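What follows is one structure encoded as C-alpha coordinates, with my remarks underneath.
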Amino acid sequence: MSLSGSICALATPFRSRDDAIDVAAFERLIDLQITHGTNALVVAGSTGEAAALEESEFSQLLDVAVRHIGQRVPSIAGTGQSGTRRTIAQTRRARDAGIEFALVVAPAYVRPTQEGMYRHFCEVADHGGLPVMLYNVPSRTACDLLPETVARLTAHGNIIGIKEAVADPARMQALLPLRSERFAVFSGDDGSAAQAIRAGADGVISVAANVDPARMARLAASCAGHADTAAALERELQPLFALLGCEPNPIPLKWCLSRLGIGESYLRLPLLALSPQHHAHAQSVLAGLGLVESAAAVG
26 MSLSGSICAL
36 ATPFRSRDDA
46 IDVAAFERLI
56 DLQITHGTNA
66 LVVAGSTGEA
76 AALEESEFSQ
86 LLDVAVRHIG
96 QRVPSIAGTG
106 QSGTRRTIAQ
116 TRRARDAGIE
126 FALVVAPAYV
136 RPTQEGMYRH
146 FCEVADHGGL
156 PVMLYNVPSR
166 TACDLLPETV
176 ARLTAHGNII
186 GIKEAVADPA
196 RMQALLPLRS
206 ERFAVFSGDD
216 GSAAQAIRAG
226 ADGVISVAAN
236 VDPARMARLA
246 ASCAGHADTA
256 AALERELQPL
266 FALLGCEPNP
276 IPLKWCLSRL
286 GIGESYLRLP
296 LLALSPQHHA
306 HAQSVLAGLG
316 LVESAAAVG
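Per the numbering used here, the sequence shown runs over residues 26 to 324.
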(Lines of atoms letter the chains of each structure in order from A and count residues from 1; the text may use other names and numbers.)
(Lines give C-alpha, C1' and ligand atoms only; values in the text may rest on other atoms or scores of the structure.)
Protein backbone atom coordinates (compact mmCIF):
# COMPACT_ATOMS: atom_id res chain seq x y z
CA MET A 1 0.00 0.00 0.00
CA SER A 2 1.19 3.53 -0.77
CA LEU A 3 0.85 6.37 1.73
CA SER A 4 -0.68 9.75 0.98
CA GLY A 5 -3.25 12.27 2.18
CA SER A 6 -4.32 12.69 5.79
CA ILE A 7 -2.72 10.17 8.15
CA CYS A 8 -3.73 10.26 11.80
CA ALA A 9 -1.22 9.85 14.62
CA LEU A 10 -3.62 8.13 16.99
CA ALA A 11 -3.97 8.92 20.68
CA THR A 12 -3.97 6.01 23.12
CA PRO A 13 -6.96 6.17 25.51
CA PHE A 14 -6.32 5.02 29.08
CA ARG A 15 -8.85 4.28 31.85
CA SER A 16 -8.33 6.36 34.97
CA ARG A 17 -9.76 3.68 37.27
CA ASP A 18 -7.02 1.14 36.55
CA ASP A 19 -4.52 2.92 34.26
CA ALA A 20 -5.10 0.32 31.53
CA ILE A 21 -5.49 0.85 27.80
CA ASP A 22 -9.13 1.57 26.97
CA VAL A 23 -9.47 -0.87 24.09
CA ALA A 24 -13.10 -0.03 23.36
CA ALA A 25 -12.32 3.70 23.10
CA PHE A 26 -9.29 2.99 20.90
CA GLU A 27 -11.45 0.95 18.55
CA ARG A 28 -14.03 3.76 18.40
CA LEU A 29 -11.24 6.19 17.51
CA ILE A 30 -10.09 3.92 14.69
CA ASP A 31 -13.63 3.68 13.33
CA LEU A 32 -14.10 7.45 13.56
CA GLN A 33 -10.96 7.95 11.48
CA ILE A 34 -11.79 5.44 8.77
CA THR A 35 -15.43 6.51 8.52
CA HIS A 36 -14.39 10.12 7.92
CA GLY A 37 -11.70 9.55 5.31
CA THR A 38 -8.36 9.24 7.08
CA ASN A 39 -5.95 7.48 4.71
CA ALA A 40 -3.70 5.63 7.19
CA LEU A 41 -3.20 5.29 10.95
CA VAL A 42 -0.13 5.63 13.17
CA VAL A 43 -0.23 3.56 16.36
CA ALA A 44 2.01 4.12 19.41
CA GLY A 45 3.65 7.29 18.22
CA SER A 46 4.44 10.24 20.46
CA THR A 47 0.80 11.35 20.24
CA GLY A 48 -0.07 7.84 21.44
CA GLU A 49 2.08 8.30 24.59
CA ALA A 50 4.46 5.60 23.42
CA ALA A 51 7.00 6.57 26.06
CA ALA A 52 4.48 5.59 28.75
CA LEU A 53 3.70 2.13 27.31
CA GLU A 54 5.08 -1.08 28.75
CA GLU A 55 6.42 -3.55 26.17
CA SER A 56 3.40 -5.78 26.69
CA GLU A 57 1.09 -2.80 26.17
CA PHE A 58 2.90 -1.83 22.98
CA SER A 59 2.25 -5.33 21.65
CA GLN A 60 -1.35 -5.24 22.90
CA LEU A 61 -2.01 -1.91 21.18
CA LEU A 62 -0.58 -3.16 17.89
CA ASP A 63 -2.57 -6.38 18.06
CA VAL A 64 -5.80 -4.46 18.64
CA ALA A 65 -5.00 -2.04 15.84
CA VAL A 66 -4.15 -4.72 13.29
CA ARG A 67 -7.27 -6.72 14.12
CA HIS A 68 -9.61 -3.75 14.11
CA ILE A 69 -8.19 -1.91 11.11
CA GLY A 70 -8.08 -5.06 9.01
CA GLN A 71 -7.34 -4.13 5.41
CA ARG A 72 -9.30 -0.88 5.50
CA VAL A 73 -6.29 1.48 5.60
CA PRO A 74 -2.52 1.05 5.98
CA SER A 75 -1.13 0.66 9.51
CA ILE A 76 2.02 2.35 10.80
CA ALA A 77 3.70 1.88 14.16
CA GLY A 78 5.92 4.34 15.98
CA THR A 79 9.01 2.24 16.71
CA GLY A 80 11.77 4.79 17.23
CA GLN A 81 13.88 4.55 20.37
CA SER A 82 17.02 6.37 21.51
CA GLY A 83 19.18 3.33 20.77
CA THR A 84 19.54 1.56 17.43
CA ARG A 85 19.32 -1.98 18.79
CA ARG A 86 16.17 -1.15 20.74
CA THR A 87 14.64 0.49 17.66
CA ILE A 88 15.31 -2.61 15.58
CA ALA A 89 13.73 -4.81 18.26
CA GLN A 90 10.66 -2.57 18.49
CA THR A 91 10.32 -2.53 14.70
CA ARG A 92 10.45 -6.32 14.61
CA ARG A 93 7.68 -6.46 17.21
CA ALA A 94 5.56 -4.29 14.96
CA ARG A 95 6.33 -6.48 11.97
CA ASP A 96 5.41 -9.61 13.88
CA ALA A 97 2.09 -8.03 14.90
CA GLY A 98 1.18 -7.44 11.25
CA ILE A 99 1.90 -3.70 11.03
CA GLU A 100 2.83 -2.56 7.53
CA PHE A 101 5.16 0.43 8.07
CA ALA A 102 7.45 1.78 10.80
CA LEU A 103 7.60 5.47 11.71
CA VAL A 104 11.07 5.93 13.18
CA VAL A 105 11.84 9.17 14.98
CA ALA A 106 15.36 10.56 15.14
CA PRO A 107 16.99 9.29 18.36
CA ALA A 108 15.88 11.53 21.21
CA TYR A 109 18.11 12.98 23.92
CA VAL A 110 21.37 11.31 22.79
CA ARG A 111 21.99 13.98 20.11
CA PRO A 112 23.77 11.91 17.43
CA THR A 113 25.72 13.48 14.59
CA GLN A 114 24.35 13.46 11.06
CA GLU A 115 26.52 10.44 10.27
CA GLY A 116 25.25 8.71 13.40
CA MET A 117 21.65 9.30 12.33
CA TYR A 118 22.41 8.11 8.82
CA ARG A 119 23.83 4.85 10.12
CA HIS A 120 21.02 4.47 12.67
CA PHE A 121 18.29 4.67 10.05
CA CYS A 122 20.17 2.38 7.65
CA GLU A 123 20.54 -0.26 10.36
CA VAL A 124 16.84 -0.10 11.22
CA ALA A 125 15.89 -0.31 7.55
CA ASP A 126 18.27 -3.24 7.04
CA HIS A 127 17.26 -5.29 10.07
CA GLY A 128 13.87 -4.11 11.38
CA GLY A 129 11.79 -5.99 8.85
CA LEU A 130 9.47 -3.11 7.84
CA PRO A 131 9.58 -0.22 5.38
CA VAL A 132 10.79 2.82 7.31
CA MET A 133 9.42 6.34 7.33
CA LEU A 134 11.85 8.82 8.85
CA TYR A 135 10.50 11.25 11.43
CA ASN A 136 12.20 14.54 12.21
CA VAL A 137 10.93 16.61 15.14
CA PRO A 138 13.87 18.58 16.62
CA SER A 139 11.69 20.33 19.21
CA ARG A 140 11.26 16.98 20.94
CA THR A 141 14.44 15.07 20.09
CA ALA A 142 17.16 17.76 20.39
CA CYS A 143 18.64 16.61 17.08
CA ASP A 144 17.77 17.69 13.56
CA LEU A 145 17.84 15.27 10.63
CA LEU A 146 19.06 17.64 7.92
CA PRO A 147 17.90 17.49 4.29
CA GLU A 148 21.35 16.50 3.03
CA THR A 149 21.27 13.44 5.31
CA VAL A 150 17.74 12.64 4.18
CA ALA A 151 19.00 12.83 0.58
CA ARG A 152 21.57 10.12 1.37
CA LEU A 153 18.92 7.98 3.05
CA THR A 154 16.59 8.09 0.04
CA ALA A 155 19.02 5.75 -1.73
CA HIS A 156 18.11 2.99 0.73
CA GLY A 157 15.43 0.83 -0.86
CA ASN A 158 13.62 0.22 2.44
CA ILE A 159 13.32 3.89 3.48
CA ILE A 160 10.09 5.11 1.95
CA GLY A 161 9.50 8.65 3.21
CA ILE A 162 9.81 11.29 5.88
CA LYS A 163 7.50 13.01 8.33
CA GLU A 164 8.99 16.48 8.69
CA ALA A 165 7.78 18.49 11.69
CA VAL A 166 9.95 21.56 11.11
CA ALA A 167 7.35 24.13 10.05
CA ASP A 168 9.75 26.45 8.22
CA PRO A 169 8.75 26.52 4.51
CA ALA A 170 12.43 26.54 3.57
CA ARG A 171 12.83 23.09 5.14
CA MET A 172 9.96 21.68 3.11
CA GLN A 173 11.35 23.26 -0.06
CA ALA A 174 14.67 21.53 0.60
CA LEU A 175 12.97 18.15 1.00
CA LEU A 176 10.45 18.24 -1.85
CA PRO A 177 13.06 17.64 -4.60
CA LEU A 178 13.75 14.28 -2.90
CA ARG A 179 10.22 13.00 -3.65
CA SER A 180 9.96 10.08 -6.02
CA GLU A 181 7.71 7.12 -6.71
CA ARG A 182 9.26 5.34 -3.74
CA PHE A 183 10.01 8.23 -1.36
CA ALA A 184 7.20 10.40 0.05
CA VAL A 185 7.40 13.67 1.95
CA PHE A 186 4.81 14.38 4.65
CA SER A 187 4.23 17.40 6.82
CA GLY A 188 4.31 16.64 10.52
CA ASP A 189 2.92 20.03 11.51
CA ASP A 190 -0.82 20.62 11.23
CA GLY A 191 -0.55 24.40 11.10
CA SER A 192 1.68 24.45 8.02
CA ALA A 193 0.41 21.25 6.39
CA ALA A 194 -1.75 22.93 3.77
CA GLN A 195 1.15 25.09 2.63
CA ALA A 196 3.38 22.01 2.43
CA ILE A 197 0.85 20.00 0.42
CA ARG A 198 0.24 22.90 -1.97
CA ALA A 199 4.01 23.00 -2.51
CA GLY A 200 4.03 19.30 -3.41
CA ALA A 201 4.12 17.26 -0.18
CA ASP A 202 2.28 13.94 -0.23
CA GLY A 203 0.14 14.70 2.81
CA VAL A 204 0.19 15.23 6.55
CA ILE A 205 0.67 13.00 9.57
CA SER A 206 -1.72 14.79 11.84
CA VAL A 207 -2.65 15.26 15.48
CA ALA A 208 -5.75 17.29 14.62
CA ALA A 209 -7.15 14.42 12.56
CA ASN A 210 -7.92 12.64 15.83
CA VAL A 211 -10.48 15.34 16.56
CA ASP A 212 -11.64 16.38 13.08
CA PRO A 213 -10.75 13.62 10.62
CA ALA A 214 -13.25 14.72 7.99
CA ARG A 215 -11.90 18.25 7.63
CA MET A 216 -8.29 17.08 7.69
CA ALA A 217 -9.00 14.52 4.98
CA ARG A 218 -10.77 17.12 2.86
CA LEU A 219 -7.96 19.62 3.45
CA ALA A 220 -5.31 17.18 2.27
CA ALA A 221 -7.35 16.22 -0.77
CA SER A 222 -8.30 19.75 -1.79
CA CYS A 223 -4.87 21.39 -1.64
CA ALA A 224 -4.08 20.20 -5.16
CA GLY A 225 -6.45 21.92 -7.54
CA HIS A 226 -9.14 23.25 -5.19
CA ALA A 227 -7.48 26.31 -3.68
CA ASP A 228 -10.64 28.03 -2.47
CA THR A 229 -11.91 24.93 -0.67
CA ALA A 230 -8.51 24.31 0.89
CA ALA A 231 -8.23 27.91 2.06
CA ALA A 232 -11.67 27.79 3.66
CA LEU A 233 -10.91 24.52 5.45
CA GLU A 234 -7.58 25.85 6.66
CA ARG A 235 -9.31 28.91 8.16
CA GLU A 236 -11.90 26.71 9.87
CA LEU A 237 -9.21 24.48 11.36
CA GLN A 238 -6.85 27.18 12.63
CA PRO A 239 -8.59 27.50 16.03
CA LEU A 240 -8.28 23.74 16.52
CA PHE A 241 -4.60 23.78 15.55
CA ALA A 242 -3.97 26.56 18.06
CA LEU A 243 -5.94 24.79 20.78
CA LEU A 244 -4.01 21.55 20.34
CA GLY A 245 -0.79 23.47 20.93
CA CYS A 246 -1.86 25.33 24.06
CA GLU A 247 -0.16 22.66 26.23
CA PRO A 248 2.18 19.85 25.17
CA ASN A 249 0.71 17.20 22.88
CA PRO A 250 -1.34 15.10 23.58
CA ILE A 251 -2.70 16.96 26.62
CA PRO A 252 -5.25 19.15 24.80
CA LEU A 253 -6.00 16.32 22.37
CA LYS A 254 -7.02 13.93 25.15
CA TRP A 255 -9.39 16.55 26.59
CA CYS A 256 -10.99 17.10 23.19
CA LEU A 257 -11.41 13.39 22.56
CA SER A 258 -13.08 12.95 25.92
CA ARG A 259 -15.68 15.54 24.84
CA LEU A 260 -16.28 13.52 21.69
CA GLY A 261 -16.98 10.40 23.73
CA ILE A 262 -13.62 8.80 22.91
CA GLY A 263 -12.07 7.81 26.23
CA GLU A 264 -11.10 10.10 29.10
CA SER A 265 -8.90 13.17 29.39
CA TYR A 266 -6.61 11.04 31.60
CA LEU A 267 -2.90 10.80 30.72
CA ARG A 268 -0.04 8.94 32.33
CA LEU A 269 2.51 10.84 34.37
CA PRO A 270 4.46 12.97 33.91
CA LEU A 271 1.68 14.38 31.69
CA LEU A 272 -1.39 15.85 33.38
CA ALA A 273 -4.87 16.63 32.09
CA LEU A 274 -5.55 19.95 30.40
CA SER A 275 -5.41 22.93 32.77
CA PRO A 276 -8.88 24.22 33.71
CA GLN A 277 -8.21 27.70 32.33
CA HIS A 278 -8.30 26.26 28.81
CA HIS A 279 -11.56 24.32 29.16
CA ALA A 280 -14.05 27.00 28.17
CA HIS A 281 -12.09 27.99 25.08
CA ALA A 282 -11.59 24.36 24.10
CA GLN A 283 -15.31 23.69 24.43
CA SER A 284 -16.02 26.73 22.25
CA VAL A 285 -13.66 25.50 19.53
CA LEU A 286 -15.27 22.06 19.44
CA ALA A 287 -18.75 23.54 19.40
CA GLY A 288 -17.83 25.90 16.58
CA LEU A 289 -16.73 22.95 14.43
CA GLY A 290 -19.76 20.79 15.23
CA LEU A 291 -17.54 17.87 16.16
CA VAL A 292 -19.61 16.31 18.94
CA GLU A 293 -22.38 15.44 16.52
CA SER A 294 -19.87 13.98 14.07
CA ALA A 295 -18.40 11.60 16.65
CA ALA A 296 -21.81 10.58 17.99
CA ALA A 297 -22.90 9.49 14.50
CA VAL A 298 -20.08 6.92 14.42
CA GLY A 299 -20.27 5.65 18.01
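Note that the Cβ used here is the ideal one computed from N, Cα and C, for glycine as well.
Please read these numbers as outputs of a predicted model, since none were measured by experiment.
Please go through the segment 41-100 and give each complete beta strand (DSSP E) segment of 3 or more residues, from N-terminal end onward.
-> Taking only runs of at least 3 residues, the beta strand (DSSP E) segments lying wholly in the segment 41-100 are 65-68.
Burial state of R42 (16 or more Cβ within 10 Å) = It is exposed - the Cβ of R42 has fewer than 16 other Cβ atoms within 10 Å.
Sufficient close CB pairs (3 or more, under 8 Å) joining the segment 290-297 to the segment 246-253 | No, because fewer than three Cβ pairs between the segment 290-297 and the segment 246-253 fall closer than 8 Å, the two stretches do not touch.
According to the neighbour-count rule (16 or more other Cβ atoms, all chains shown, within 10 Å of its Cβ), is T138 buried or exposed?
-> The residue is exposed, with fewer than 16 neighbouring Cβ atoms inside 10 Å.
What are the boundary residues of the alpha helix (DSSP H) that includes A257?
-> Segment 252-269, the alpha helix (DSSP H) holding A257.
If we count Cβ pairs, one from each stretch, closer than 8 Å, do we get three or more for the segment 118-132 versus the segment 90-106?
-> As far as the Cβ criterion goes, the segment 118-132 touches the segment 90-106, which means the pair count is three or higher.
Coarse secondary structure for C33, derived from DSSP in three states = In the structure shown, C33 adopts extended strand secondary structure according to DSSP, grouped into three states.
Assigned exposure category for G213 - 16 Cβ within 10 Å defines buried | Note on G213: 16 or more other CB atoms within 10 angstroms of its CB, so buried under the neighbour-count rule.
Rounded separation between Q308 and S300 - CA only | Straight-line spacing of the CA atoms in Q308 and S300 works out to 13 Å.
Look at the alpha carbon of V175 and the alpha carbon of E189, and state the distance between them as a whole number of angstroms.
-> In a straight line, the C-alpha of V175 is about 11 Å away from that of E189.
N- and C-terminal bounds of the beta strand (DSSP E) containing V25 = The requested residue 25 does not occur in the structure, where the chain is confined to residues 26 to 324.
Collapsed DSSP secondary structure at G228 in the structure displayed = Strand, per DSSP.
In or out: H145 buried (at least 16 other Cβ within 10 Å) or exposed?
-> Counting Cβ neighbours within 10 Å, H145 comes out buried, since at least 16 surround it.
Nearest-angstrom Cβ-Cβ length linking L200 and I187, presumed shorter than 8 Å | Indeed they touch by this definition, with Cβ atoms about 7 Å apart.
Smallest Cα separation from L294: which of L28, S29, D44, P277?
-> Among L28, S29, D44, P277, the Cα nearest to that of L294 is on D44.
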